[in-house]
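Structure record follows, encoded as structure tokens.
2 protein chains.
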Amino acid sequence: MKAYKIPEATVMRLSVYSRYLYQLMDDGVKSISSDEIARGVGVSSAQVRKDLAYFGEFGTRGVGYKVDVLYGHLMKILGLDRSWNAIIIGAGKLGSALALYEGFNTRGFIIRAVLDNDPERIGTKLGNVEVEKLDVLAERVQENNITIGIVTVPASAAQEVTDKLIHAGVKAILNFSPRVLKVPNKIILRNVDLSVNLEVLSFNINFSK
Amino acid sequence: MKAYKIPEATVMRLSVYSRYLYQLMDDGVKSISSDEIARGVGVSSAQVRKDLAYFGEFGTRGVGYKVDVLYGHLMKILGLDRSWNAIIIGAGKLGSALALYEGFNTRGFIIRAVLDNDPERIGTKLGNVEVEKLDVLAERVQENNITIGIVTVPASAAQEVTDKLIHAGVKAILNFSPRVLKVPNKIILRNVDLSVNLEVLSFNINFSK
DNA sequence: TAGATTGTTAATCGATTAACAATC
DNA sequence: TAGATTGTTAATCGATTAACAATC
């Protein structure tokens, strides 16, 4: 365990910076200043330097940053210098879309299995994985060394499949169900509630007039 | 324009509270304390009361809150006492999943059109809307009084379709593409970068050991 | 009344911003 | 050297928490 806590907002921004740098490399840009990164992603340059300072010194005073070097550091910091095995529980619309989403693969997240209990869905092919029944959860997690569970079941089933995922040994859970999950402290949990996002929009449209 | 700014985290929590209260109503619960809400959604009771205090007094000292009354207030605050028309640009995996996602409908968000430029996708039925070509964007936005644009195109096309949405008159944009969008101040923008979420997980798995 | 719980104020905590010395 | 830009410290801003008077 490292010494001090990194703000979650910082981690999210590092992910955004890394994608921006990747784009720059593609465009053949070799070096860049914190001010240019800042303008590229819509934050302040002090913010960029502060975020990086949590992890080390990656630039040269008076000069700036080498794009490829900084990119490499960010990928390492984010844990993206390796691949991660994931499992999706729930093969409905959202689960199926995520199983086929290329954005995950390109960043090293590999969907090893997709499970569901609906007989209609079991056996369906999603890319190169076949939807299987929930029974095989622990087996799949263990044999594929899966660390990340993605929950895309309805709210009513969310806690139950989460408990199973944790029992099978995943370290982190990405929850797409609109249900607040109880998990032990050592389990890393993130919630992506799509409705919350739309509701923040409707609040703001409403509130700003 | 109201007098002071509401923290975005507060708005997100209000959305979570409202869903929890809905669940309680379903279970026949009539009244509740801030402490019970807090435990139900995993925050502190002071936080619950503070969040509500931005908008008024909804409870009774010494007694608590009536579930249905508080729920009604929250729905009104969030702008969910009416319906909102939305359009999805990009009928790939994610766009299609969102078009069919029931969670939006049940909270009053109605997907009026889904557009794409790929001839393979045009004409496909997603629920009761048919995928149409991008040309009809302005027309659909105006005839359906659409205020929310949902962007699910690849990064390379994201800024272009965003500009078109804004020109057509939407007030808010929910961006699922991994691209930082430039929008005028008056436009409400939210980014949901699915990869960022997975990367925060991999960072945390990595960092905590 | 005694007990409970809200609404609100003040204290604390944490994150962002501004400023600038270090240094290429 | 002069100009530029980092890395870092201190100041500011904003959000969360703790505490308690108000009041049912």
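Line by line, the protein sequences are chains V and P.
Oh and the first sequence: position 135 is 135 in our numbering, straight run, nothing missing.
Count along the second sequence starting at 1, add 1000, and that's the number in our numbering.
Beta carbons are placed, not taken as given, at the ideal position from N, Cα and C, and that holds for glycine.
Q) Is there at least one Cβ from chain V nearer than 8 Å to GLY1123(P)'s Cβ? A) Here the question's residue 1123(P) lines up with position 123 in the second sequence. Not closer than 8 Å to any Cβ of chain V, the Cβ of GLY1123(P) fails to qualify, so no.
Q | Proximal chain V residues relative to MET1012(P), where beta-carbon distance stays under 9 Å | A | Taking the second sequence and counting its residues from 1, one reaches residue 1012(P) at position 12. Within 9 Å Cβ-Cβ: ASP193, VAL196, ASN197, GLU199 and VAL200.
Q | Burial state of ASN1191(P), where buried means 16 or more other Cβ atoms lie within 10 Å | A | Here residue 1191(P) refers to the residue found at position 191 of the second sequence. ASN1191(P) is buried by the Cβ-count criterion.
Q. What are the boundary residues of the alpha helix (DSSP H) that includes VAL1041(P)?
A. Taking the second sequence and counting its residues from 1, the one referred to as residue 1041(P) is at position 41. Per DSSP, VAL1041(P) belongs to the alpha helix (DSSP H) from 1034–1041.
Q: Check distances from the C-beta atoms of the region 99–111 of chain V to those of chain P and list, in chain order, the residues that come in under 7 Å.
A: Hits within the stretch, in order: LEU100, TYR101, GLY103, PHE104, ARG107 and PHE109.
Q. Since GLY1042(P) meets chain V, which of its residues come closer than 9 Å, beta carbon to beta carbon?
A. If you number the second sequence from 1, residue 1042(P) lands on position 42. Under the 9 Å cutoff, chain V gives VAL180, LEU181 and LYS182.
**Q.** C-alpha distance - GLN1159(P) paired with VAL41(V), whole-angstrom precision
**A.** The count along the second sequence starts at 1 and reaches residue 1159(P) at position 159. The count along the first sequence starts at 1 and reaches residue 41(V) at position 41. Whole-angstrom Cα-Cα distance: 13 Å.
Q) Taking the alpha-carbon positions, what's the ASP1068(P) to GLN1023(P) distance? A) Reading the second sequence from its first residue, position 68 is the one you call residue 1068(P). Reading the second sequence from its first residue, position 23 is the one you call residue 1023(P). Looking at the two C-alpha atoms, the distance is approximately 11 Å.
(Q) Restricting to runs no shorter than 4 residues, where is the alpha helix (DSSP H) found entirely within the region 128–168 of chain V? (A) The region 128–168 of chain V contains, as complete alpha helix (DSSP H) runs of 4+ residues, the segments 137–143 and 155–168 (chain order).
Q. Does any C-beta atom of chain V lie closer than 8 Å to the C-beta of SER1033(P)?
A. Walking along the second sequence from the start, residue 1033(P) turns up at place 33. At a cut-off of 8 Å, the C-beta of SER1033(P) has no neighbouring C-beta in chain V.
Q: Report the partner residues of ARG1190(P) according to the DSSP bridge assignment.
A: The residue labelled residue 1190(P) in the question sits at position 190 within the second sequence. DSSP lists LEU1174(P) as the bridge partner or partners of ARG1190(P).
Q) Which bits of chain P does LEU94(V) rub up against, with CB to CB less than 7 Å? A) Residue mapping note: residue 94(V) aligns to position 94 of the first sequence, counting from 1. Chain-order list of chain P residues neighbouring LEU94(V): ALA1097 and TYR1101, by C-beta distance under 7 Å.
(Q) Assuming the contact rule is C-beta atoms closer than 8 Å, LEU1115(P) and PHE104(V) should be a hit. Round their C-beta distance to whole Å, please. (A) By one-based count along the second sequence, residue 1115(P) stands at place 115. By one-based count along the first sequence, residue 104(V) stands at place 104. Taking C-beta atoms under 8 Å as the contact rule, LEU1115(P) and PHE104(V) fail to qualify, at a distance of about 25 Å.
**Q.** Residues of the region 1127–1160 of chain P with Cβ closer than 7 Å to any Cβ of chain V, in chain order
**A.** Result list: THR1147 and ILE1148.
Q. Which partner residues of PHE1109(P) appear in the DSSP bridge assignment?
A. For the purposes of this step, residue 1109(P) is taken as the residue at position 109 of the second sequence. The bridge partners DSSP lists for PHE1109(P) are TRP1084(P).
Q. Which residues of chain P have a Cβ atom closer than 7 Å to the Cβ of LYS206(V), listed in chain order?
A. Numbered from 1 along the first sequence, position 206 holds the residue referred to as residue 206(V). According to the sequence displayed, residue 206(V) carries Asn and not Lys. Here the neighbours are GLY1079.
Q: Compute the beta-carbon to beta-carbon distance between ASN117(V) and LYS133(V), rounded to the nearest angstrom, for a pair I have assumed lies under 8 Å.
A: Position 117 of the first sequence, counting from 1, holds the residue named residue 117(V). Position 133 of the first sequence, counting from 1, holds the residue named residue 133(V). Going by Cβ atoms, the distance from ASN117(V) to LYS133(V) rounds to 6 Å, so yes, they are a contact pair.
Q. Would GLU1008(P) count as contacting chain V if we go by Cβ distances under 8 Å?
A. By 1-based counting over the second sequence, the position of residue 1008(P) is 8. At a cut-off of 8 Å between C-beta atoms, GLU1008(P) counts as an interface residue with respect to chain V.
(Q) At a CB distance below 7 Å, what residues from the region 63–75 of chain V approach chain P? Give them in sequence order. (A) Under the 7 Å Cβ criterion, the region 63–75 of chain V contributes no residue.
**Q.** Neighbour list for ALA168(V) in chain P, Cβ cutoff strictly below 9 Å
**A.** What you label residue 168(V) is simply residue 168 of the first sequence in a count that begins at 1. The contacting residues do not exist; ALA168(V) stays about 16 Å from chain P at best.
Q: Give the secondary structure of SER44(V) by DSSP, where H, G and I count as helix, E and B as strand, and everything else as coil.
A: Position 44 of the first sequence, counted from the first residue, corresponds to residue 44(V). DSSP places SER44(V) in the coil class of the three-state scheme, outside both helix and strand.
Q) Between SER211(V) and the rest of its own chain, which residues show a CB-CB distance below 7 Å, the 5 nearest in sequence each way excluded? A) With chain V covering 1 to 209 only, the question about residue 211(V) has no answer from this structure.
Q: Assign LYS66(V) to one of three DSSP states: helix, strand, or coil.
A: Against the first sequence, residue 66(V) aligns to sequence position 66. Three-state result, LYS66(V): strand.
(Q) If we define contact as Cβ-Cβ less than 8 Å, is ARG61(V) a contact residue for chain P? (A) The residue you call residue 61(V) lines up with position 61 of the first sequence. With respect to chain P, the C-beta atom of ARG61(V) has no partner C-beta closer than 8 Å.
Q: Check VAL114(V) in the structure and name its three-state DSSP category.
A: Taking the first sequence and counting its residues from 1, one reaches residue 114(V) at position 114. Reduced to three states, the DSSP call for VAL114(V) is strand.
Q | Between the CA atoms of PHE58(V) and PHE1055(P) - distance to the nearest angstrom | A | Position 55 of the second sequence, counting from 1, holds the residue named residue 1055(P). Position 58 of the first sequence, counting from 1, holds the residue named residue 58(V). When rounded, the distance between both Cα atoms is 45 Å.
**Q.** Straight-line gap, LEU174(V) to THR152(V) (C-alpha atoms, nearest Å)
**A.** For the purposes of this step, residue 174(V) is taken as the residue at position 174 of the first sequence. For the purposes of this step, residue 152(V) is taken as the residue at position 152 of the first sequence. Those two C-alpha atoms are separated by around 9 Å.
Q.
At the 8 Å Cβ level, is ALA53(V) part of the contact set with chain P, yes or no?
A. Sequence index remark: in the first sequence, residue 53(V) carries index 53 (1-based). Output row for ALA53(V): interface = no.
Q | Rounded straight-line distance, which links the Cα of PRO1119(P) to that of ILE205(V) | A | Taking the first sequence and counting its residues from 1, the one referred to as residue 205(V) is at position 205. Taking the second sequence and counting its residues from 1, the one referred to as residue 1119(P) is at position 119. One alpha carbon belongs to ILE205(V), the other to PRO1119(P), and they sit about 34 Å apart.
Q: Quick one: residues in its chain with C-beta nearer than 6 Å to the C-beta of ASN85(V), no 5 flanking neighbours on either side, listed in chain order?
A: For the purposes of this step, residue 85(V) is taken as residue 85 along the first sequence, with counting starting at 1. Contacts found: ILE110, ARG112, ASN144, ASN145 and ILE146.
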